[in-house]
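A.B. asks: There's a structure below that I have some questions on.
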DNA sequence: TATAATATTAGGAATTATTCCTATTATTGA
DNA sequence: TCAATAATAGGAATAATTCCTAATATTATA
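Protein chains in written order, with this note's numbering: chain A, 1 to 137; chain B, 138 to 274.
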């Protein structure tokens, strides 16, 4: 049985107003301004719980720590190979991708995740070769 | 400049003959039969290096350790929510997915990864609710 | 073939990211 | 108001991976 907690509410509100897919550590640092004694374990527990009940999304990019996304409208993610930033990406035409994947497969395809890689708009535009600062914290 | 190493060749050969997407630890345990003194660090270094030069593929499922795939023919992966096994999945009709993702995006989409989730053929067939043994090692 | 340059290794320490443990505190239903 | 129990803080523990260093293997070239 789920009980209300001020810490969890604060974490969810924080994510609802961010569009940069922060890590657990970044969430922790920010929530500490309101709850100076909150522990990193509490942040992780609530992030995982919120993801399980479908209030937020967990993004495992395969490089670096997991990230979290408060935007639950259907969308994909783009990860810049250059600066490492993670951006929202709406892609239409992929509505039937699970059905495509089911062809010639004996099991049941119930969902998918997809990450797109390349150069983000800022890095693509830059003439200089230094990656621009990653917008993370 | 890349120099030949017997350990790296052995790791690549091992993966070329496996279809179960082993973890670094599993690779390590198996390569130890030929090289009893090989270190886990060497296994990781070579797996990452082989992945970088495109000889093998690294699979980050988001749960548990990374897995490695010696099959470089274009294909996707399916991860069973029930038993955790990782299977190859060929999906046609996704050839233009990077172009779709590029619509209304200022940057450059150069690639993507996608993982499909659900019940593998074995688990879908099972009447009992216990997950069947994961084929990992 | 011998030598020099340097890439790779073994072994283990260190780091990173995350989960787990426990006594205390907060929430909630009765 | 009280009892049941979910959630927390704080920190230890774990899992996965990377990093460090002296020794070894590979390779280009003399």
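For glycine and all other residues, C-beta sits at the position ideal for the given N, C-alpha and C.
Can you tell me where the alpha helix (DSSP H) holding residue 12 of chain A begins and where it ends?
C.D. replies: Run containing residue 12 of chain A: 6 to 16, per the alpha helix (DSSP H) assignment.
A.B. asks: On the DSSP letters alone, give me the boundaries of the beta strand (DSSP E) that residue 67 of chain A sits inside.
C.D. replies: First-last of the beta strand (DSSP E) with residue 67 of chain A: 67 to 69.
A.B. asks: According to DSSP, what are the bridge partners of residue 23 of chain A?
C.D. replies: In DSSP, residue 23 of chain A forms a bridge with A/67.
A.B. asks: If you run the structure through DSSP and keep just helix, strand and coil, what is residue 178 of chain B?
C.D. replies: Helix, per DSSP.
A.B. asks: Please list, in chain order, the chain A residues whose beta carbon lies closer than 7 Å to that of residue 152 of chain B.
C.D. replies: Going along chain A, no residue has its Cβ under 7 Å from residue 152 of chain B, so there is no contact; the nearest lies around 18 Å.
A.B. asks: With distance defined between alpha-carbon atoms, name the residue in B/197, B/168, B/186, B/157 nearest to residue 138 of chain B.
C.D. replies: If we check each option's Cα against that of residue 138 of chain B, B/186 comes out closest.
A.B. asks: For residue 190 of chain B, which three-state DSSP category applies?
C.D. replies: Coil, per DSSP.
A.B. asks: Beta-carbon of residue 252 of chain B versus every beta-carbon of chain A: anything under 7 Å?
C.D. replies: True, the Cβ-Cβ gap to chain A drops below 7 Å.
A.B. asks: If I follow the unbroken alpha helix (DSSP H) through residue 226 of chain B, where does it start and stop?
C.D. replies: That residue, residue 226 of chain B, is in no alpha helix (DSSP H); its beta strand (DSSP E) goes 223 to 226.
A.B. asks: For chain B, check one thing: does any of its Cβ atoms lie closer than 7 Å to the Cβ of residue 50 of chain A?
C.D. replies: For residue 50 of chain A, the answer is no, since every Cβ of chain B falls outside 7 Å of its Cβ.
A.B. asks: DSSP puts residue 214 of chain B in a beta bridge; with which residues?
C.D. replies: Looking at the DSSP assignment, residue 214 of chain B forms a beta bridge with B/225, B/252.
A.B. asks: Can a CB atom of chain B be found closer than 7 Å to the CB of residue 130 of chain A?
C.D. replies: With a pLDDT of 48 at residue 130 of chain A, under the threshold of 50, the modelled position of this residue cannot be trusted; read the value that follows with caution. Judged by the 7 Å Cβ criterion, residue 130 of chain A is not in contact with chain B.
A.B. asks: Rank A/96, A/29, A/31, A/76 by C-alpha distance to the C-alpha of residue 87 of chain A and give the top, closest one.
C.D. replies: Per the Cα distances, A/76.
A.B. asks: Out of B/254, B/242, B/198, which has the shortest C-alpha to C-alpha gap to residue 99 of chain A?
C.D. replies: Ranking the options by Cα distance to residue 99 of chain A, first place goes to B/254.
A.B. asks: Are the stretch 181 to 198 of chain B and the stretch 145 to 158 of chain B touching, with three or more C-beta to C-beta distances below 8 Å?
C.D. replies: Judged by Cβ distances under 8 Å, the stretch 181 to 198 of chain B makes contact with the stretch 145 to 158 of chain B, as three or more pairs qualify.
A.B. asks: Could you check the C-alpha separation between residue 169 of chain B and residue 104 of chain A for me, to the nearest Å?
C.D. replies: Answer to the nearest angstrom: the Cα atoms are 37 Å apart.
A.B. asks: Would you mind telling me which residues of chain B sit closer than 8 Å to residue 110 of chain A, beta carbon to beta carbon, in chain order?
C.D. replies: Correct list: 218, 254, 255, 256.
A.B. asks: Would residue 119 of chain A be called buried (16 or more neighbouring beta carbons within 10 Å of its own) or exposed?
C.D. replies: Answer is buried; the Cβ neighbour count reaches 16.
A.B. asks: Strictly under 7 Å for the Cβ-Cβ distance: is residue 47 of chain A near chain B by that measure?
C.D. replies: Output row for residue 47 of chain A: interface = no.
A.B. asks: Looking only at C-alpha atoms, which of A/111, A/62, A/92, A/44 sits nearest to residue 80 of chain A?
C.D. replies: Checking every option, the nearest Cα to that of residue 80 of chain A belongs to A/62.
A.B. asks: Does DSSP classify residue 33 of chain A as helix, strand or coil?
C.D. replies: It is coil, neither helix nor strand.
A.B. asks: Quick check: is the beta carbon of residue 124 of chain A nearer than 7 Å to any beta carbon in chain B?
C.D. replies: At least one chain B Cβ lies under 7 Å of residue 124 of chain A.
A.B. asks: Indicate whether at least one CB of chain B lies closer than 7 Å to the CB of residue 4 of chain A.
C.D. replies: False, the Cβ-Cβ gap to chain B never drops below 7 Å.
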